[in-house]
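Report on the structure given below.
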Amino acid sequence: MPDRLAFRHVSKRFGAVTALDDVSFDVEAGTVHAVVGENGAGKSTLLKILAGIVRPDVGEIVWRDRPLGLARPREALEAGIGMVYQETLSFPALSVSANIFAGREIVGRFGRLDERAMHARTRDLLARLHVPVDPATPMDRLPAAYAQLVQVARALAFDCDLLVLDEPTTALTDAEVDHLMRVLEDLRTRGVTIVFVSHRIPEVFRLADRITVLRDGRFVDTFDRGTTSPDEVVRAMVGRVAAATSRETARAPAPGAVEMLTVRGLTRRPAFAGVSFEVRAGEVVGLFGLVGSGRSELLETIFGLARPDEGTVAVAGSDTSPGSARVAARAGLALVPEERQRQGLCFNLSLCDNLNMPRAETTGVVRIDRAAEAQVAEAQVASLAIRTPDTDRTPDALSGGNQQKVVVGKWLAASPRVLLLDEPTKGVDVGAKFELHRLIRRQADAGMACLIVSSELPEILALADRVLVMRQGRLRGELAGAAATEEAIMYLAAHDAEVTA
Amino acid sequence: MKRFWHAREFSTVAILLAEVLFFTWYLWPDGDRTHPFLNAANFLLIFKYSSIYGIAAIGAAIVIITGGIDLSPGAVIGLTSVVTGYFFVEAGWPLVPSMMAGLLVGVVAGLVSSWLIVTMKLPPFIATLGVMGIWRGAGFIITEARFYDLSRQLPTDGRLFGVPVDWIAPAIMIALAGAFHVLMRRYQWGRAVFAVGGNETAALFSGVAVGWVKTSAYVIAGLLAAVSGVVLAVVQGQGKADLATGYELDIIASAVVGGASLSGGRGSVVGAVLGALIFGVLRNALPQIPGATFYDRLIVGVVVIGIVVMDQLLVRRQRT
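If you read the protein sequences in the order shown, they are chains Z and S. Be aware that the first sequence starts at 1475, since it is given in the numbering used here, and climbs by one per residue. Be aware that the second sequence starts at 871, since it is given in the numbering used here, and climbs by one per residue.
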């Protein structure tokens, strides 16, 4: 069977951590193969080895009977392997065409760049991927989905017949995911072999022919889509019977529960205008909106990161003068931001320092009490089940899901009254997602007011007692209890867009 | 993390010791003449001159840890000596108030730099480059290219406030290094300095008063440069506009050799002082090697690069 990609006894250790332990499996050429597993299962390491970025300690990868060099990214490219990374690598100021050809430009005589040839080729590639974008558009003007597809185009530009994607859909909205899925299905019919890593089980089942599960760096099993079920795959991933992610019973807030967060007429043009709502103690309110609806901007303004044009924010009835995150945090607000790496963690500080930072800042700690801080950190590690041997190490040693728990934990340690969460489970594996959901619920039950922004409707439906829907910078409605169905929310969120389209 | 810092300061101490051992061996005298390098008087001399850089390097390290840079300490030292000299010699003020006036120069310098950086959002390199020219120019305008001779009015017994003059600078340096070490490692302010340098956005999102932290760093850097300036004016007995010309680079180099990373979030004030001593030993010993006179700047340059490269290799090895 020559026509396949074969991983043979691949092992990789980083210091004391075993990332991959004797992993062997085959990917048939011309199929779509998903690699799934919890964070820290070794998926990303496996892809990095395939791309020639990380060298395995033992083992080899054979593609169409030829062992891959595995020493340099260049060799993977030359073997026809195209990589699309989780964080879109791009040059934001350069054009789409320059990004596609970066490092491998088409040149004329004397090394002069042949822009015309590159633009023409880019136009072809983008047409194949159904991306209606001019090749001269600067990269930073593209929405996330198109930026992702430009990466695919970059891989395809060089006759790649094996396309490897690491979490391609984390940054995308549902409609955008749909587009990407169609593109990948289309590529399969053209004979391109696709290997992708994902956390999202529905996507895996929509796209993949076969599904390989990794757990704790080991190969667990490979399933055929036709003969398995999502439950079976999830069980293999977590190694235990996952509790059903059924909807928690939405409860009306206790009568007389205090209004913890009161937003009145909040306006920040052009992102949003005239937004009023309240969140009571013990309530989880979902805020849903499509990308561009202004929901992230709203959250940032409530947390004081941007000054509103008009309107007020009050915590437990007392006005927090807007425009300073520090004032907001001291008033009892906490924000778990969307981008944990850029906005959530200091990678030069220990987990203990990170976990204590907001608490120390909001309570006015002057001198650091190491013993007390170690206890605070240990308590958060224990209650959030953060997987780390100790709290002296820096966050880069942790997997994405565990990093996210640290960001949540550092705010819980500050005992806020209102918890704002922006896409709290983005890029987080099923197990950690489930734990984060339970945790949010637990905080609400203990009397915290939670406002959660998510682009995943099932997440909103599973968590929220009430759902606020935003469209084009305004609140368009509020749904609670039985009225909060996927269809009803989506209708409010997308109504105008459909009418004008 | 803790172990890592200790390791980094430990390696700076090791380099300093290696350097001392090398010169002790290399400059070993014939017969029983006193050792030209290894003697108490010479060590005091090394300490005295290193302290001028060392005090300012503490401030430079703090600024660098926030992810910034301060090019103005040399100019601040010069202007401080001029202002101290002006009030002491021209205006006839007593010594202590004159010194206070000098220190005020540093605070003002820090406030101006941080206003440009925090409020006007100028890149620190450009802001402090401009500020450096302004303070140096101010010194020349005040002195009209003359200098104030403080030495005639200073006590002639080599003592100031009962302390031998030669001991003042080293004592101040060691005391300040100790105090700022504790502030940086045991106080929330210091942790905020590291957080701002490591990830400014995340620090802001954690409720850290980022602007205030940066302002405090530049004000401290200005104040410590002014302390260097006052000490230099008293030790040399001069207030002169072109004093400490080019010191900014040695001060920054001391902080970097002591472990401060120019990309921010990493560094040590004790390391900065050790870095200043590493340069102090080189400057003191190299001229004593026959024929090495023309090589000393070159050797200092090679040493800076060598130490930083070694540090990077060490960090890389710890990561993998």
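A virtual CB, placed ideally from N, CA and C, is assigned to each residue, including glycine. Note that the coordinates shown come from a computational prediction; the quantities given were computed from them, not determined experimentally.
Do we get a CB-CB distance below 8 Å when we pair residue i with the residues of chain S?
i, result
"glutamine 1481 of chain Z", "The residue you asked about is not glutamine; residue 1481 of chain Z is phenylalanine in the sequence shown. Output row for phenylalanine 1481 of chain Z: interface = no."
"lysine 1517 of chain Z", "no"
"asparagine 1573 of chain Z", "no"
"lysine 1884 of chain Z", "yes"
"glycine 1901 of chain Z", "no"
"glutamate 1852 of chain Z", "no"
"threonine 1836 of chain Z", "yes"
"alanine 1731 of chain Z", "no"
"cysteine 1820 of chain Z", "yes"
"isoleucine 1776 of chain Z", "no"
"isoleucine 1842 of chain Z", "yes"
"alanine 1799 of chain Z", "yes"
"alanine 1845 of chain Z", "no"
"leucine 1764 of chain Z", "no"
Between residue i and chain Z, is there a C-beta pair that is closer than 8 Å?
i, result
"leucine 1074 of chain S", "yes"
"threonine 1071 of chain S", "yes"
"alanine 1079 of chain S", "yes"
"alanine 1065 of chain S", "yes"
"glycine 1141 of chain S", "no"
"glutamine 1182 of chain S", "no"
"alanine 1016 of chain S", "Residue identity check: residue 1016 of chain S is arginine in the sequence provided, not alanine. False, the Cβ-Cβ gap to chain Z never drops below 8 Å."
"glycine 1135 of chain S", "yes"
"glutamine 1058 of chain S", "yes"
"glycine 1068 of chain S", "yes"
Indicate the three-state DSSP secondary structure (helix, strand or coil) for residue i in the structure shown.
i, result
"lysine 1900 of chain Z", "coil"
"histidine 1653 of chain Z", "helix"
"threonine 1492 of chain Z", "strand"
"threonine 1686 of chain Z", "strand"
"proline 906 of chain S", "coil"
"tryptophan 895 of chain S", "helix"
"isoleucine 822 of chain S", "Within the shown structure, residues of chain S are numbered from 871 to 1190, placing residue 822 of chain S beyond reach of any answer."
"glycine 1533 of chain Z", "strand"
"glutamate 1933 of chain Z", "helix"
"leucine 1603 of chain Z", "coil"
"alanine 1788 of chain Z", "strand"
"threonine 1741 of chain Z", "strand"
"arginine 1546 of chain Z", "coil"
"isoleucine 1159 of chain S", "coil"
"alanine 1508 of chain Z", "strand"
"arginine 1721 of chain Z", "Reliability fails at arginine 1721 of chain Z, whose pLDDT of 47 lies under 50, so the model's placement of it is uncertain and the value that follows must be treated cautiously. Coil at arginine 1721 of chain Z, not helix or strand."
"glycine 1585 of chain Z", "helix"
"phenylalanine 2000 of chain Z", "What is shown of chain Z runs 1475 to 1975, which leaves residue 2000 of chain Z out entirely."
"alanine 1716 of chain Z", "Bear in mind that the predicted position of alanine 1716 of chain Z carries a pLDDT of just 42, short of 50, making it too unreliable to give a figure here."
"alanine 1576 of chain Z", "coil"
"isoleucine 1175 of chain S", "helix"
"leucine 1623 of chain Z", "helix"
"aspartate 940 of chain S", "coil"
"alanine 1618 of chain Z", "helix"
Going by DSSP, name the residue or residues bridged to residue i.
i, result
"valine 1638 of chain Z", "Z:Met1557, Z:Val1669"
"leucine 1809 of chain Z", "Z:Leu1894"
"methionine 1944 of chain Z", "Z:Leu1949"
"tryptophan 963 of chain S", "The partner list for tryptophan 963 of chain S (beta bridge, DSSP) is empty, contrary to what the question assumes."
"serine 1569 of chain Z", "Z:Pro1612"
"glutamate 1733 of chain Z", "Z:Arg1754"
"proline 1541 of chain Z", "Z:Val1536"
"tyrosine 1057 of chain S", "Z:Arg1841"
"phenylalanine 1762 of chain Z", "Z:Val1943"
"threonine 1696 of chain Z", "Z:Thr1686"
"isoleucine 1527 of chain Z", "Its beta-bridge partners do not exist; DSSP assigns none."
"valine 1440 of chain Z", "This structure does not reach residue 1440 of chain Z, given that chain Z is present from 1475 up to 1975, and the question cannot be answered."
* Asked: What runs of the alpha helix (DSSP H), each 4 residues or longer, lie entirely inside the stretch 1071 to 1126 of chain S?
  -> 1080 to 1106
* Quick check: the stretch 975 to 982 of chain S against the stretch 1085 to 1105 of chain S, are there 3 or more CB pairs under 8 Å? -> yes
* To do: Count the C-beta pairs between the stretch 1620 to 1628 of chain Z and the stretch 1589 to 1608 of chain Z that are closer than 8 Å, then say yes if the count reaches three, no if not.
  => yes
* Which whole runs of the alpha helix (DSSP H) in the stretch 1806 to 1883 of chain Z are 4 residues long or more, in chain order? -> 1825 to 1837, 1844 to 1858
* Mind listing, in chain order, the continuous beta strand (DSSP E) runs of no fewer than 3 residues lying wholly within the stretch 963 to 1039 of chain S? => 1017 to 1019
* Check whether the stretch 1779 to 1786 of chain Z touches the stretch 1941 to 1950 of chain Z, taking contact to mean three or more Cβ pairs, one atom from each stretch, closer than 8 Å. => no
* Is it true that the stretch 1738 to 1751 of chain Z meets the stretch 1875 to 1886 of chain Z, where meeting means three or more beta-carbon pairs spaced less than 8 Å apart? -> no
* Asked: Is the stretch 1151 to 1165 of chain S close to the stretch 950 to 965 of chain S, with three or more CB pairs under 8 Å?
  -> no
* Is the number of C-beta pairs between the stretch 1067 to 1083 of chain S and the stretch 948 to 956 of chain S that are closer than 8 Å three or more? -> no
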